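Numbering (our numbering), first residue to last: 13 to 289. Yeah, the Cβ is synthetic: ideal placement off N, Cα and C, and Gly gets one too. Treat the numbers as computed from the prediction; the structure is a model and nothing was measured.
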């Protein structure tokens, strides 16, 4: 029997039964890519919509910089990638469920390995940034009962690197417009509207919590037509430009790649500040 009383998973609203914190498929959940002899921080990478926990970070030539490059330059780390069902299927798991599962699985792994005090740095791409923001909000708000222990994740988070993750005034207004469309007091919200409400709440509520973490925004120079420019709040946050498309901006084939050097240097700075504090 466990020696602690925390209940490290969310309860289903429909069944009031604990949802298993293990992954839905072999491609989901945490995967350890590297662990140094004396890790000082945990690095957790979260892919975007339609992505894959390994392929999204891997070049066509087979180089996964999280596994092949970063450990050479930053050996005193433990690096995980985290996967989730990121396409619209019959899977009943909502985006909020997904973000809560990230917290539960990460906490459980750190509890089992005796590393709850270790600082965390998240690297999130595209929609994965919203998942991470939601996860940190969920963790931050876990203040009572058997989920109190899950607050460890937000308390341990030192830095977040958002890569191609827009947080835009135009997006907020668009989400609000979707919520306002065809919804009356007598009309149930569609799944799309529920997701829009979740995303709107996350983007609005995270701004205050986000000030607690060292944050970097990375933008692609070869923008997709569907992606807007950074919001004013993002312009006031440290940012870098990566010479790549939205999908390729998280794939680096060499330690000499300019984009990789920028990301590595910022991670190194976060590690130094985390271990000094």
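Can you tell me where the beta strand (DSSP E) with residue i in it begins and where it stops?
i, result
"residue 226", "226 to 232"
"residue 273", "That residue, residue 273, is in no beta strand (DSSP E); its alpha helix (DSSP H) goes 270 to 288."
"residue 253", "251 to 254"
"residue 46", "41 to 47"
"residue 93", "89 to 95"
Determine the contact status of residue i and residue j, defining contact as a CB-CB distance below 9 Å.
i, j, result
"residue 232", "residue 211", "no"
"residue 128", "residue 164", "yes"
"residue 140", "residue 214", "no"
"residue 255", "residue 228", "no"
"residue 85", "residue 274", "no"
"residue 146", "residue 218", "yes"
"residue 137", "residue 221", "no"
"residue 259", "residue 71", "no"
"residue 81", "residue 55", "no"
"residue 150", "residue 216", "no"
Can you give the beta carbon distance from residue i to residue j, rounded, assuming they're within the 8 Å contact cut?
i, j, result
"residue 171", "residue 143", "Going by Cβ atoms, the distance from residue 171 to residue 143 rounds to 17 Å, so no, they are not a contact pair."
"residue 42", "residue 94", "5 Å"
"residue 89", "residue 51", "6 Å"
"residue 169", "residue 225", "6 Å"
"residue 173", "residue 278", "7 Å"
Residue i: buried (16+ other C-beta within 10 angstroms of its C-beta) or exposed?
i, result
"residue 176", "buried"
"residue 113", "buried"
"residue 240", "Any answer about residue 240 is weak, because its pLDDT of 49 lies below 50 and its placement is not dependable; what the coordinates show is given next. With fewer than 16 other Cβ atoms within 10 Å, it is exposed."
"residue 60", "buried"
"residue 65", "buried"
"residue 288", "exposed"
"residue 203", "exposed"
"residue 118", "buried"
"residue 62", "exposed"
"residue 223", "exposed"
"residue 155", "exposed"
"residue 83", "buried"
Span of the alpha helix (DSSP H) holding residue i?
i, result
"residue 113", "107 to 124"
"residue 209", "203 to 221"
"residue 77", "77 to 80"
Confirm the yes/no value for this check: CB of residue i, any heavy atom of the ligand NAD, distance under 8 Å.
i, result
"residue 268", "Among the components of this structure there are no ligands whatsoever, and the ligand NAD is therefore not found."
Enumerate, from N- to C-terminal direction, the unbroken alpha helix (DSSP H) stretches of 4 or more residues contained entirely within the segment 133 to 172.
139 to 152 and 163 to 168
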